[in-house]
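In this note's numbering, the protein residues as written are 503 to 725.
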């Protein structure tokens, strides 16, 4: 596939991820050739112990950007924590509504309710990649926070910082593989523990807490 302009409208980007959320086996292919699997089953499942680090730190009103099918929003609501999901994917929004999760079909950079009043903003499941510029996205998240709020961010274990273009590719060997199922290029980014401190500083944030293991997380606050 030849890389073309990565800029997509929010609705177009939502359609790209609809295919994965609809159940197709897919993976994300970066412009540098690195292939990353998409944890589609985890997105659809209920929150589990691996999500505990995030859930335990959401003690007040929480905004989940790129919420997918809403497992974290549902889990927080079950705990009595006010939570709202935001996603550009129609499939994600429909699934959230089926599960009873509060959700908006909207881009993370569009006007959102409660700007400057959220206790926590969550970027899980690789969603630091949204827009292809982690500094810009974290600055956006910082603007959404109430004083004393935190950004709870999932990182790519063992990684540094990569920014560029990517596309979704069918990873199956069934009938889908006979079709041209590779999606259009779009801006994306990957951020890991080796670069998060520098990126946080550039966004006006500081790492206050971190956890590394099979999944890696940090809690960020305004500097």
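Here a beta-carbon is modelled for each residue, glycine too, at the ideal position from N, C-alpha and C.
In whole angstroms, give me the CA-to-CA distance for residue i and residue j.
i	j	result
residue 667	residue 689	4 Å
residue 699	residue 511	30 Å
residue 580	residue 573	11 Å
residue 648	residue 705	16 Å
residue 650	residue 672	42 Å
residue 629	residue 516	13 Å
residue 694	residue 588	23 Å
residue 610	residue 567	6 Å
residue 608	residue 590	5 Å
residue 523	residue 532	19 Å
residue 627	residue 709	19 Å
Beta-carbon within less than 7 Å of residue i's beta-carbon, same chain only, minus the 5 sequence neighbours each way: which residues are those?
i	result
residue 665	634, 635 and 691
Which term fits residue i, buried or exposed, when burial requires 16 or more other beta carbons within 10 angstroms of its beta carbon?
i	result
residue 652	buried
residue 593	buried
residue 642	buried
residue 599	exposed
Among the options, which residue has its Cα nearest to the Cα of residue i?
i	options	result
residue 569	583, 613 and 546	546
residue 713	639, 584 and 556	556
residue 521	693, 669 and 703	669
residue 606	575, 622 and 583	575
residue 542	528, 554, 720 and 632	528
residue 552	662, 721 and 716	716
residue 637	697, 582 and 621	697
Quick one: what's got a C-beta closer than 6 Å to residue i's C-beta in the same chain, skipping five residues either side?
i	result
residue 538	530
residue 578	560, 564 and 585
residue 718	657, 659 and 695
residue 639	632 and 633
Between which residues of its own chain and residue i is the CB-CB distance below 8 Å, once the five residues before and five after are set aside?
i	result
residue 534	664 and 666
residue 549	557, 573, 574, 576 and 577
How is the alpha helix (DSSP H) around residue i delimited, first residue to last?
i	result
residue 576	573 to 580
Strictly under 9 Å for the Cβ-Cβ distance: is residue i near chain D by that measure?
i	result
residue 625	Annotation note: the requested chain D is absent from the structure, which comprises a single protein chain.
Where do the N-terminal and C-terminal ends of the beta strand (DSSP E) with residue i fall, by residue?
i	result
residue 711	707 to 713
residue 671	663 to 672
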